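Notes follow once the structure below has been shown.
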Amino acid sequence: MTGKPMHKSISVLLISSVLLVGCGQSRLNPLNWFGRAEPVAAADPTATVNPLIPKRNSVTARDETYRGELVAVIRELKVERTPGGAVLRVTGVAANQGSWDVRMEPLNDGKPVNGVLTYELRALPGATTVGSERTRLITAATFVSDQSLAGVRSLQVLGAENGLSSRRR
Numbered sequence: 028m029t030g031k032p033m034h035k036s037i038s039v040l041l042i043s044s045v046l047l048v049g050c051g052q053s054r055l056n057p058l059n060w061f062g063r064a065e066p067v068a069a070a071d072p073t074a075t076v077n078p079l080i081p082k083r084n085s086v087t088a089r090d091e092t093y094r095g096e097l098v099a100v101i102r103e104l105k106v107e108r109t110p111g112g113a114v115l116r117v118t119g120v121a122a123n124q125g126s127w128d129v130r131m132e133p134l135n136d137g138k139p140v141n142g143v144l145t146y147e148l149r150a151l152p153g154a155t156t157v158g159s160e161r162t163r164l165i166t167a168a169t170f171v172s173d174q175s176l177a178g179v180r181s182l183q184v185l186g187a188e189n190g191l192s193s194r195r196r
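The working numbering numbers the first residue of the sequence shown as 28 and each following residue consecutively.
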């Protein structure tokens with residue numbers, strides 16, 4: 028009884044081998060999917076560059092200044108402790124619906140003045156001026172390192188109509 032399953036296995040293996048050898052130069056043979064490795068000439072770094080490819084990445088290297096407007100109202104300010112610093116998270120209400128590219132811009136080059144580290148919540152305005160307050164809510168966050176928090180007693184975020192601050196305990 029044990030000879031029959033072994034006999035079937037050998038038969039299947041033999042038939043598979045014959046079929047694989049039969050398609051030696053065929054695309055069905057997985058051994059023929061790629062040819063042998065061939066040497067290629069190395070790219071010349073001094074060669075002319077394709078003029079259609081920009082020399083700089085326009086996403087990360089911007090020359091233009093940020094033109095965000097102050098967010099109308101600051102609704103919430105939370106400071107969440109993390110290893111190595113804190114995350115400053117702010118929610119505000121923009122004047123326009125669809126505001127985008129929300130940023131927290133530090134004032135005074137990110138240096139505290141009289142123990143107060145101040146940010147402005149800014150966003151590029153959307154095209155629609157209508158919409159409920161809920162549809163105009165925007166949130167931004169930034170990490171503030173322990174080194175930047177040294178000597179800081181209060182964190183403050185300003186908007187166009189108001190500002191919120193959080194003091195150390």
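Glycine included, every Cβ here is placed at the ideal spot set by N, Cα and C. Because the structure is a prediction, the values reported are computed rather than measured.
Scanning the segment 126-194 from its first residue to its last, the whole alpha helix (DSSP H) runs of 4-plus residues come out as 173-176. Separation of the CB atoms of V179 and L148 is rounded to 18 Å, and the pair is thereby denied contact status at 8 Å. Taking the Cα positions, V171 is about 13 Å away from Q183.
By the neighbour-count definition (other C-beta atoms within 10 Å, threshold 16), T145 is a buried residue. Just so you know, the alpha carbons of P139 and L115 end up roughly 15 Å apart.
Rounded to whole angstroms, the Cβ separation of G125 and T166 is 15 Å, and the two are not in contact under 8 Å. Boundaries of the beta strand (DSSP E) around V100: 100-109. In terms of Cβ geometry, R163 and A122 form a close pair [threshold 9 Å]. Close CB contacts of N135 within its chain, under the 6 Å cut and outside five residues either way in sequence, are absent. A distance below 9 Å separates the beta carbons of S192 and S181. R130 and A168 have their C-alpha atoms spaced approximately 8 Å apart.
By the neighbour-count criterion, in which a residue is buried when 16 or more other Cβ atoms sit within 10 angstroms of its Cβ, A177 is exposed. Between A187 and the set G111, A150, I42, E107, the nearest pair of CA atoms involves A150.
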